[in-house]
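Engineer:
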């Protein structure tokens, strides 16, 4: 095992196996992953800050064993911040918080290619600061169908006074986020609201949308997974890499872009790679910033 | 009174093979309570209940799942789990020896007494050698299809096998994030003197499980229909930092 | 035997009292599974069930009882249980100090750490440093979750560690297994010693891994790749109609959306 030491903000970090190929068919090593996250840091950190992190670790690369880790590894540097969150079974679990670049680098050194976070912050785990519509295409559908659904959803939401923002999942789907007022809304509220919306969408577009999870319902339709609005669920963080064959990114898109591309017939054009993600973000800034700062209240509840 | 032989194996390193039998060393005693339904005093049973149907589910309808992503599982069946079981072997393989003092007690898990399985086969020689060199043998073995890691130690005329916890299971002191606090030499000196004064030889037989006795008493009292006094837990007033030296000096006086 | 839950209270020696919290020192590495309903993969939870009334019983209807004769119980409330050893349930009182070398490892049960609560940092450090300086450990008794433990308080890298100990009447005798006395040939003895000496290293527990755990993780990762993962049905069947107002507003909104498209 090879080791390099770096110094960051007065803290010493040990990085190992930088030459390890984590995306073998593409040729993306751990050093590349670290470099991606270092450059993505100004964009991703505000979305990670203060949230209980779930690691998805691929120490031997995307083609081998992975570890889904919620508990903050006990062998962590003393400066890694943590939070204790009560779990479903009553137990309190210690989670890592990625609040700064050093902690992000430490997490990536553990080959946590994907970073997943809850919709609520650790200091208020029952009150989400966004409502999410996780658009998941069935076997015979793809991101273009999701784009159609996302656009209808955006219209529907805006007509009840809610602004929404969309990002790619980095895999086949799209995520639509509705920012909320920080501590005023509970998961019960967002679950009720999103379930109602999903129901209406299914009712009016039955060939395109389903609000039911059962796999047999899904095939050529887009499943609106409203049940993600839950304290125990996590979503992949915006700007996170995905562990697919290629290092794709969960990247925010402009609604205009979705409108243009949805009729193009080419699903690849909505997928964003690591290099594209960095150049776009560095040029246009964080398109998902509004999700953090905008405060909205859910109407009619 | 003896524990039962729970396993047989042989210690192996280099040219040495010592057959042994493992015995448990500890038997815990405690008063058992049952959970009852307040209404009718019926003893409750534990059931696995389906979160959605809110009905008990019999074991034939239960599957073992491993959570891979939020709410998403890989199902494992008993046959597959069996495949991951390790090949049984009777060998307790010693990989190295370390100075006993290097093993921090936090690693010690469960202790087994070892009895020579066949008399005269190197047991006594091994005991003597371990004692003279003051070392423990670090070994691994497979027992009941699970892998174990442990320390082979001598005490008196006996050999013991102490299972150890794996390194990644021990939480390092660093993660406690303790503050750095400065102490005066005077405080340390008096503190050390006080501790020295309060030091006594370790005599475990002095200590009995009094709580168990009191609990037994309370149960018997209730059975006789007597009233029980409810006493509040005592809380001590914490010593303020600026009072620390004073408290230490007063304690030292008291101990003298 | 491991104990659940976090305890907070005071640790004291003579006239010094330090506010502290008890935290875990061990994180078991065992892979844990969730039991799921084979039918629809919804997660199962442990609940207490009354066989007479054939219903689930919520925690506030549960009481603890001690069976004095078959089927006859003496009930104990939480309050009563807590009051058995009131002086010990919130305080770890160190009654004497010992040399840890005198403690036979057979006594060790389970380790924990203590961390100082606000205001106790200095006294905590003092105890840790002083014990370290003269290489001593504290011996105390305390009550946790209705059980009384004999504990050793040791100093470890500037922190206070608590190790529960077994009582001497819980330790079984090893007299019966005493090896027979026999002469040990000097040559055999020196050969054994040499053999051992050649294998002396420094203790590095990181070198050893749980092989069973590794095999299991490997199996799980392989399975996760080959088949789609199963998931529990969403809480669709759950009670709660969407609020009428909301549905009406959404319907109205949808009408407008469709008009435009």
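Residue numbers (our numbering), protein chains in the order written: chain D, 1345 to 1645; chain S, 125 to 380; chain B, 799 to 1059.
The beta-carbon is built from N, C-alpha and C at its ideal position, and this holds for glycine as well.
Remember, predicted model here, so these are calculated numbers, not experimental data.
At least one CB of chain B closer than 8 Å to the CB of residue 329/S: is that the case?
Structural biologist: Output row for residue 329/S: interface = yes.
Engineer: Do you know whose CA, among 346/S, 211/S and 185/S, lies nearest residue 269/S's CA?
Structural biologist: Out of 346/S, 211/S and 185/S, 211/S has the C-alpha closest to the C-alpha of residue 269/S.
Engineer: Of all the alpha helix (DSSP H) runs that stay within the bounds of the region 241-284 of chain S, which reach a length of 4 or more residues?
Structural biologist: Counting whole runs of 4 or more residues, the region 241-284 of chain S contains the alpha helix (DSSP H) stretches 247-257.
Engineer: Are the C-beta of residue 1616/D and some C-beta of chain B separated by less than 8 Å?
Structural biologist: False, the Cβ-Cβ gap to chain B never drops below 8 Å.
Engineer: Strictly below 7 Å CB to CB, what residues from chain S border residue 1422/D?
Structural biologist: Within 7 Å Cβ-Cβ: 298, 299 and 301.
Engineer: Relative to the C-alpha of residue 1388/D, which residue among 1642/D, 1350/D and 1632/D is closest?
Structural biologist: Among 1642/D, 1350/D and 1632/D, the Cα nearest to that of residue 1388/D belongs to 1632/D.
Engineer: Residues in the region 1377-1405 of chain D with C-beta within 9 Å of chain S's C-beta atoms, listed in sequence order?
Structural biologist: The residues in question are 1398 and 1400.
Engineer: Please say whether residue 314/S and residue 250/S have beta carbons closer to each other than 8 Å?
Structural biologist: No.
Engineer: With DSSP run on the structure shown, which of helix, strand or coil describes residue 233/S?
Structural biologist: Residue 233/S: strand per DSSP, three-state reduction.
Engineer: Using a Cβ-Cβ cut-off of less than 7 Å, list which residues of the region 1043-1055 of chain B approach chain D; keep chain order.
Structural biologist: Those would be 1043, 1044, 1045, 1047, 1048, 1049, 1051, 1052, 1054 and 1055, in chain order.
Engineer: In chain order, what residues of the same chain lie with their CB nearer than 6 Å to the CB of residue 1047/B, ignoring the 5 residues before and after it?
Structural biologist: Around residue 1047/B: no qualifying Cβ.
Engineer: Have a look at residue 916/B and residue 955/B and give me their C-alpha separation to the nearest angstrom.
Structural biologist: Distance between the alpha carbons of residue 916/B and residue 955/B: 20 Å.
Engineer: Strictly under 8 Å for the Cβ-Cβ distance: is residue 1002/B near chain D by that measure?
Structural biologist: It does not: the Cβ of residue 1002/B has no partner Cβ on chain D nearer than 8 Å.
Engineer: Which whole-angstrom value is the C-beta distance of residue 1044/B and residue 1537/D, which I expect to be below 8 Å?
Structural biologist: Indeed, because the Cβ distance is near 7 Å, the residues count as touching under 8 Å.
Engineer: For residue 829/B and residue 1011/B, I'd like the C-alpha separation in whole angstroms.
Structural biologist: Between residue 829/B and residue 1011/B, the C-alpha separation is close to 7 Å.
Engineer: Three or more C-beta pairs closer than 8 Å, one from the region 887-901 of chain B and one from the region 922-941 of chain B: is that the case here?
Structural biologist: In short, these stretches touch, since the Cβ pair count reaches three.
Engineer: Terminal residues of the continuous beta strand (DSSP E) containing residue 221/S?
Structural biologist: Start and end: 215-223.
Engineer: Between the alpha carbons of residue 236/S and residue 148/S, how many angstroms are there, rounded?
Structural biologist: Rounded to the nearest angstrom, the two C-alpha atoms are 5 Å apart.
Engineer: Could you check where the beta strand (DSSP E) with residue 129/S kicks off and where it finishes?
Structural biologist: Element bounds for residue 129/S: 129-137.
Engineer: Do you know whose CA, among 1556/D, 1572/D and 1624/D, lies nearest residue 193/S's CA?
Structural biologist: That would be 1572/D, whose Cα lies nearest to the Cα of residue 193/S.
Engineer: Can a CB atom of chain D be found closer than 8 Å to the CB of residue 959/B?
Structural biologist: No, its Cβ sits nowhere closer than 8 Å to a Cβ of chain D.
Engineer: Which same chain residues, not among the five before or five after residue 1618/D, have their C-beta less than 7 Å away from its C-beta?
Structural biologist: Answer for residue 1618/D: 1380, 1585, 1591 and 1593, listed in chain order.
Engineer: For residue 848/B, does the three-state DSSP call read helix, strand or coil?
Structural biologist: Strand at residue 848/B.
Engineer: Quick test of the definition: if touching needs 3 or more C-beta pairs under 8 Å, does the region 1532-1552 of chain D touch the region 1430-1445 of chain D?
Structural biologist: Cβ pair count under 8 Å is below three, so no.
Engineer: Within 10 angstroms of the Cβ of residue 1460/D, are there 16 or more other Cβ atoms? Answer buried if so, exposed if not.
Structural biologist: Residue 1460/D comes out buried.
Engineer: Kindly indicate if chain B contains any beta-carbon less than 8 Å away from that of residue 282/S.
Structural biologist: Judged by the 8 Å Cβ criterion, residue 282/S is in contact with chain B.
Engineer: Hey, quick one: how far does the alpha helix (DSSP H) through residue 987/B stretch, first residue to last?
Structural biologist: It spans 984-995 - the alpha helix (DSSP H) in which residue 987/B sits, taken as one unbroken run.
Engineer: So, is the C-beta of residue 230/S closer than 8 Å to a C-beta in chain D?
Structural biologist: So no, residue 230/S is outside the interface.
Engineer: Quick check: the region 1443-1461 of chain D against the region 1390-1405 of chain D, are at least 3 beta-carbon pairs closer than 8 Å?
Structural biologist: Enough Cβ pairs lie closer than 8 Å, so yes.
Engineer: For residue 1410/D, which residues in chain B fall below 7 Å Cβ to Cβ?
Structural biologist: The contacting residues are 1019.
Engineer: For residue 1417/D, does the three-state DSSP call read helix, strand or coil?
Structural biologist: In this structure, residue 1417/D counts as coil in the three-state DSSP scheme.
Engineer: Quick check: is the beta carbon of residue 920/B nearer than 8 Å to any beta carbon in chain E?
Structural biologist: Going by chain labels, chain E is absent from the structure shown, which instead holds the protein chains D, S and B.
Engineer: Measure the CB-CB distance between residue 1525/D and residue 1639/D and report whether it falls below 8 Å.
Structural biologist: A contact, by the Cβ cut-off of 8 Å.
Engineer: Give the interface partners of residue 1024/B over in chain D, defined as CB-CB distance under 8 Å, in chain order.
Structural biologist: None at all; the shortest Cβ gap to chain D is about 13 Å.
Engineer: Indicate whether the contact test is met: 3 or more Cβ pairs, each with one atom in the region 995-1010 of chain B and one in the region 359-367 of chain S, closer than 8 Å.
Structural biologist: Contact fails: fewer than three Cβ-Cβ distances are below 8 Å.
Engineer: Could you have a look at residue 170/S and say whether DSSP puts it in helix, strand or coil?
Structural biologist: Of the three classes helix, strand and coil, the one that applies to residue 170/S here is strand, per DSSP.
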